[in-house]
Amino acid sequence: MAPLSADAAAAAWAAVRARAVAPVLTAAVWACLAMSAMLLLEAACMSLVSLVAVRLLRLRPERRFKWEPMTEAPPAGAGAEADAEDPPCRREFPMVLVQIPMYNEREVYKLSIGAVCALTWPPDRIIIQVLDDSTDPIIKELVELECQEWASKKIDIKYEVRNNRKGYKAGALKKGMDHVYAQQCEFVAIFDADFQPESDFLLKTIPFLVHNPKIALVQTRWEFVNYDACLMTRIQKMSLDYHFKVEQESGSFMHAFFGFNGTAGVWRVSAINESGGWKDRTTVEDMDLAVRACLKEWEFLYVGDIRVKSELPSTFKAYRHQQHRWTCGAANLFRKMGWEIVTNKGVSIWKKWHLLYSFLFVRRVIAPILTFLFYCVVIPLSAMVPEVNIPVWGLVYVPTAITIMNAIRNPGSLHLMPFWILFENVMSMHRMRAALTGLLETAHVNDWVVTEKVGDVKDDFEVPLLEPLKPTECVERIYIPELLLALYLLICASYDYVLGSQTYFTYIYLQALAFIVLGFGFVGTKTPCS
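Whatever position you read off the sequence shown (first residue = 1), add 381 for my numbering.
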């Protein structure tokens with residue numbers, strides 16, 4: 382049988398395009414455009430609220446809620462002498478539990494424990510609880526010795542361990558609350574092992590809870606000690622700054638609700654108990670508790686002026702694990718709590734709509750799926766199918782508007798916006814896979830990998846923006862999915878450049894380059910394969 386000529390092959394491909402590919406791709410385009418409109422509307426509403434209400438009108442938390450400073454607390458370690466000198470003022474300070482969950486945190490355990498032990502609060506009104514789930518006996522011994530050292534300085538610190546890791550972080554927090562001394566506390570502050578609160582953290586946050594009995598949670602903002610370690614950490618900072626400045630601020634102002642970030646926040650213990658306590662059914666136990674508390678009509682408050690130092694994942698492997706946990710858990714929570722939200726009779730229809738549609742569906746399901754499907758699959762493929770025409774408003778105006786809204790809240794990072802777009806599109810592949818894993822509850826739905834940390838980041842820590850990992854015999858630095866996507870994009874871009882008429886090839890080539898860079902591990906800081 383003679384091979385097909387070039388003209389015959391082109392005619393065959395045109396026929397297949399017209400009959401099979403074009404109708405399916407057209408349907409995908411309009412589905413993506415509909416999701417883009419949903420995402421744009423959501424982003425516009427949040428940005429408008431955060432800019433007008435919080436920035437222009439300056440309706441800060443102190444103006445919207447009652448806040449009075451706590452009476453000056455004696456320094457840590459003052460003990461019974463300060464109590465004898467001023468017992469009435471000391472009774473104004475409620476009992477506070479501070480929990481530090483950790484797991485094999487050799488690099489950062491001293492930072493968090495030291496910062497929490499330096500919190501300004503009457504020594505007999507605060508209990509520090511280190512919840513150590515470490516499996517490395519050497520690390521466990523080091524953490525225990527650190528706790529004993531602080532206990533010798535008359536700090537009320539408890540070192541608690543479990544004989545298993547059931548429930549991971551949620552299980553550790555729940556077990557910690559079961560202790561008799563913990564049940565005597567009115568409020569609980571939670572810090573992950575790499576978080577370092579300032580000494581006045583409790584003095585600034587607790588008054589909101591003391592004077593406003595409907596508030597269940599005071600969430601503060603994260604600050605990053607290693608944001609300039611590499612290009613990847615700078616991009617993470619941009620995304621997280623947008624999350625805090627826009628999502629958390631707008632949610633706090635409009636709905637008195639937002640997702641608890643899992644750390645750097647203070648909870649009212651009675652709100653936790655009334656909401657059913659910590660549950661380990663998803664990998665986002667913090668968001669799970671927040672949604673259940675909202676359904677009990679508790680209110681949340683975000684205070685962006687209070688910042689807590691923390692560390693960003695500086696290796697691509699660590700960042701991928703973190704994003705999978707966050708995205709998969711949120712989508713799985715949507716699956717598990719969707720009907721519960723619909724049938725709840727304790728909150729208004731408006732609150733149900735916000736929880737189910739805006740907070741869970743659009744932001745946690747639509748966003749990761751749309752970004753990958755539209756910008757990494759549909760647009761490149763449409764370059765090879767001229768029968769499909771994507772409207773300019775969906776192709777240019779919508780993504781430009783969303784990018785501008787992000788740039789407005791990150792004016793110091795405007796020069797990084799092209800890198801942010803390309804990097805986020807690469808990460809959307811992992812987020813979409815994680816979201817589908819959570820929605821379908823497949824085998825990896827409950828995977829929990831603790832984010833690797835560096836710890837003790839110096840001010841003079843210098844790493845180039847793009848630095849390759851050190852070559853080793855380990856192949857973990859090569860990511861096959863990214864490289865396969867890069868090949869697909871290169872094919873689409875080359876077809877468009879040679880035979881196509883859409884002129885998308887410039888964008889597609891750049892996106893393919895981004896997939897190649899990440900696929901070969903040329904991102905993040907150097908780390909040995911583990």
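Here a beta-carbon is modelled for each residue, glycine too, at the ideal position from N, C-alpha and C.
(message) Can you tell me which residues form a DSSP beta bridge with Asp513?
(response) Met483, Val542
(message) Just list the residues that DSSP pairs Val477 with in beta bridges.
(response) Ile507, Phe568
(message) Across the segment 766-786 and the segment 407-415, are there enough close Cβ pairs to call them in contact, namely three or more that are closer than 8 angstroms?
(response) yes
(request) Assuming Phe638 contacts Gly632 (C-beta within less than 8 angstroms), just tell me the rounded distance between them. (result) 6 angstroms
(request) Taking the CB atoms as reference points, tell me whether Ser809 and Phe896 lie closer together than 7 angstroms. (result) no
(message) Just to confirm my understanding: we take Phe474, look at its own chain, exclude 5 residues before and 5 after, and list those with CB closer than 7 angstroms. What are they?
(response) Met451, Ala454, Trp502, Pro503, Arg506
(message) Do Leu797 and Arg602 count as a contact pair if the criterion is CB distance below 7 angstroms?
(response) no
(request) Could you give the DSSP three-state label for Thr696: helix, strand or coil? (result) strand
(request) Report the rounded CA-to-CA distance for Phe740 versus Ala395, giving the unit in angstroms. (result) 43 angstroms
(message) What does DSSP give as the partner residue(s) for Gly643 in the beta ladder?
(response) Answer is none; Gly643 lacks a bridge partner.
(request) From the DSSP output, read off the bridge partner residues of Ser691. (result) Phe605
(message) Beta-carbon within less than 6 angstroms of Gly640's beta-carbon, same chain only, minus the 5 sequence neighbours each way: which residues are those?
(response) Met668, Ala671
(message) Less than 6 angstroms between C-beta atoms, sequence neighbours within five positions excluded: which residues of the same chain meet that for Thr818?
(response) Cys709, His825, Val826
(request) Measure the CB-CB distance between Ala431 and Leu500 and report whether it falls below 7 angstroms. (result) Contrary to the premise, residue 431 reads as Ser rather than Ala in this sequence. No; because the gap between Cβ atoms is not below 7 angstroms, this pair is not in contact.
(request) Label Gly900 either buried or exposed according to how many other C-beta atoms from any shown protein chain fall within 10 Å of its C-beta, with 16 as the threshold for buried. (result) buried
(message) Closest to Gln617 by C-alpha separation, out of Pro594, Gln703, Ala570, would be which residue?
(response) Gln703
(request) Mind checking which residues open and close the alpha helix (DSSP H) that includes Asp877? (result) 861-879
(request) Measure the CB-CB distance between Ile747 and Leu736 and report whether it falls below 7 angstroms. (result) no
(request) Using a threshold of 7 angstroms, state whether the C-beta atoms of Cys528 and Val511 are closer than that. (result) yes
(request) For the segment 713-731 and the segment 789-796, state whether three or more C-beta atom pairs, one from each stretch, are separated by less than 8 angstroms. (result) no
(request) Have a look at Ser620 and Gln565 and give me their C-alpha separation to the nearest angstrom. (result) 38 angstroms
(request) Give every residue of the same chain whose Cβ lies closer than 7 angstroms to the Cβ of Asn545, excluding the five residues on either side of it in the sequence, and list them in chain order. (result) none
(message) Using the three-state DSSP reduction, which class does Ile785 fall into: helix, strand or coil?
(response) helix
(request) Could you work out which residue in Leu583, Val489, Gln892, Lys595 is closest to Ala867 when comparing CA atoms only? (result) Gln892
(request) Figure out for me which residue from Asp661, Leu590, Leu795, Phe755 has the closest Cα to the Cα of Trp829. (result) Asp661
(request) With a threshold of 16 other CB atoms inside 10 Å of the CB of Val397, please say whether the residue is buried or exposed. (result) exposed
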